[in-house]
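Engineer:
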Amino acid sequence: MNQTAETRDAAGEPTLTLPASTVLDPAAAPGLRWGVISPGHIGDQFTATAHRATASRVASVVSRSAERAGAFAARHGIERSFDAVEDMLAAGGLDAVYIASPHAQHHALARPVLEAGVPVLVEKAFTLNSGQARELLDLAQRRGVFAMEAMWARFLPQYDVLRQVLASGMLGEIVEVAADHGQSFPEDPAHRMYAPELGGGALLDLGVYPLSFAQMVLGDLTDLAVRGDLTSTGVDAYVALLARGADGGRARLSSTLNARTPTQAVVSGTAGSAHLSGAFFAPGTLTVTLLDGRSASFSHPGAPGDGMAYEIAESARRITAGELESPLMSWYDTLSVMSTMDAVRAELGVVYPGEESA
Ligand SMILES: NC(=O)c1ccc[n+]([C@@H]2O[C@H](COP(=O)([O-])OP(=O)(O)OC[C@H]3O[C@@H](n4cnc5c(N)ncnc54)[C@H](OP(=O)(O)O)[C@@H]3O)[C@@H](O)[C@H]2O)c1
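Each residue of the sequence shown is one higher than the one before, starting from 130 at the first, in the numbering used here.
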């Protein structure tokens, strides 16, 4: 891991130098042949980014409609299109599969892929609840197959720099992680953000980012205090969470699907703070400010889609090395985040179809 080096300015005063990013060029990662399941908004972005910024290629696509699969394949120059997951798996020739359906369908779509022994990258939220997540990860373990939640923020260069800053102790003892993620979605009961049968609600789609960020910095979250409001469809419209991290420090997080909030994250310690801006989960800027007045920034600008190249490259490197998971978004981390979301939803009374008897 890089160490921070202290330099001096023209007046001889010490300046602050941040560690260099250790993240490798995504274009240099091994190229895999991917299958994409569910060619919606993010499936489109994943495919375009893979083709533009990595050596990976999407070789197959599955939609519930042969027509939509065919149109997506034509748009991206994909060799094969299918209207059933089983047909894509039977055709073979894939190194990995990316699942980009609404959350409620992640579990059912990922299972046959893992059963076929094919590595899988599953969009966030990994599943509807921790029970489904554990079942998929147990299956991955039994089959000896790679699986990872596509929490793309964790693979960005500024996150690598932040993890090094935290490990160096530069910020002192961590007191608080504050993060918010709100976006404005017009009320539409059929939209996946509002529909319980598609895993709707702010928490699983938007709140998962602040929560996963806090878990990365503080460890497992306990001692939860939750407040929120529900939509007319019975999913969470707003959720605020106070928690304590296993490694010390508190989390103060919020999420809503009714308003665009600043989308900032700040880690505050006894010796200074680290601020991720430009939407904290996307390419942007990390600024570290110490109590003694020194400050330094690391910028990694770009369009949100550019950021996805890092998770594609991380998957390709781990899969090629025969590893089952990535330490940057481990199975433990996914289960920890999913368990916290279960607890938050229990407080709010958000229950998805099929969970009633659980
Ligand atoms: N990483 C990121 O930045 C990011 C951003 C946005 C979303 N996401 C995640 O990606 C996933 C999909 O989000 P999205 O915005 O891409 O959604 P979307 O545009 O609605 O696309 C989802 C696709 O899933 C397919 N699908 C399969 N079963 C479905 C069902 N029962 N009902 C509706 N659609 C179904 C549909 O394609 P066919 O009908 O053609 O099969 C649909 O186009 C979510 O888990 C979300 O959290 C990630």
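C-beta atoms are modelled at their ideal positions from N, C-alpha and C, and glycine is treated no differently. As the structure is a computational prediction, the values presented were derived from the model and not from experiment.
Assign His-310 to one of three DSSP states: helix, strand, or coil.
Structural biologist: Strand.
Engineer: Considering only heavy atoms of ligand 1, does any lie closer than 7 Å to the CB of Gln-234?
Structural biologist: Answer for Gln-234: yes, Cβ within range of ligand 1.
Engineer: What does the alpha-carbon distance come out to for the pair Ser-424 and Arg-292?
Structural biologist: Looking at the two C-alpha atoms, the distance is approximately 17 Å.
Engineer: Less than 8 Å between the C-beta atoms of Leu-335 and Leu-285, yes or no?
Structural biologist: It is not a contact, given that the beta carbons lie outside the stated cut-off.
Engineer: Since Tyr-288 is in the beta strand (DSSP E), which residue starts that stretch and which ends it?
Structural biologist: Element bounds for Tyr-288: not the beta strand (DSSP E) but the alpha helix (DSSP H), 286-297.
Engineer: Does DSSP put Tyr-227 in a helix, a strand or coil?
Structural biologist: Here Tyr-227 sits in strand by DSSP.
Engineer: So, with DSSP's three-state summary, where would you put Pro-482?
Structural biologist: DSSP places Pro-482 in coil when its eight states are reduced to three.
Engineer: Look at the Cβ atom of Gly-199, then the Cβ atom of Ser-210, and state whether they are nearer than 8 Å.
Structural biologist: Cβ distance < 8 Å, so Gly-199 and Ser-210 count as in contact.
Engineer: Mapping DSSP to helix, strand and coil, what is Ser-192?
Structural biologist: Coil.
Engineer: Enumerate in chain order the residues of its own chain whose CB-to-CB distance from Gly-246 is below 6 Å, with the five nearest sequence positions on each side excluded.
Structural biologist: Same-chain partners within the cutoff: Arg-272 and Val-274.
Engineer: Can you name, in chain order, every residue of its own chain whose Cβ lies under 6 Å from the Cβ of Gln-132, other than the five neighbours on each side?
Structural biologist: Legend: pLDDT at Gln-132 = 38, less than 50; position of this residue unreliable, value from coordinates given subsequently. Contacts found: none.
Engineer: Roughly how many angstroms lie between the CA atoms of Thr-392 and Phe-427, to the nearest whole one?
Structural biologist: So the two alpha carbons sit approximately 18 Å from each other.
Engineer: Using 8 Å as the threshold, is the C-beta distance between Ile-228 and Ala-239 below it?
Structural biologist: Going by C-beta atoms, Ile-228 is nearer than 8 Å to Ala-239.
Engineer: Apart from the five residues just before and just after Ser-194, which ones in its own chain have a Cβ nearer than 7 Å to its Cβ?
Structural biologist: Excluding sequence neighbours, Ser-194 sits near Asp-212.
Engineer: According to DSSP, what are the bridge partners of Arg-271?
Structural biologist: Arg-271 is not bridged to any residue.
Engineer: For the alpha helix (DSSP H) containing Thr-449, name the first residue and the last one.
Structural biologist: Unbroken alpha helix (DSSP H) run through Thr-449: 433-449.
Engineer: Report yes if the C-beta distance between Gly-328 and Leu-477 is below 8 Å; otherwise report no.
Structural biologist: No. Outside cutoff.
Engineer: Could you spell out the range, first to last residue, of the alpha helix (DSSP H) harbouring Phe-342?
Structural biologist: Residues 337-347.
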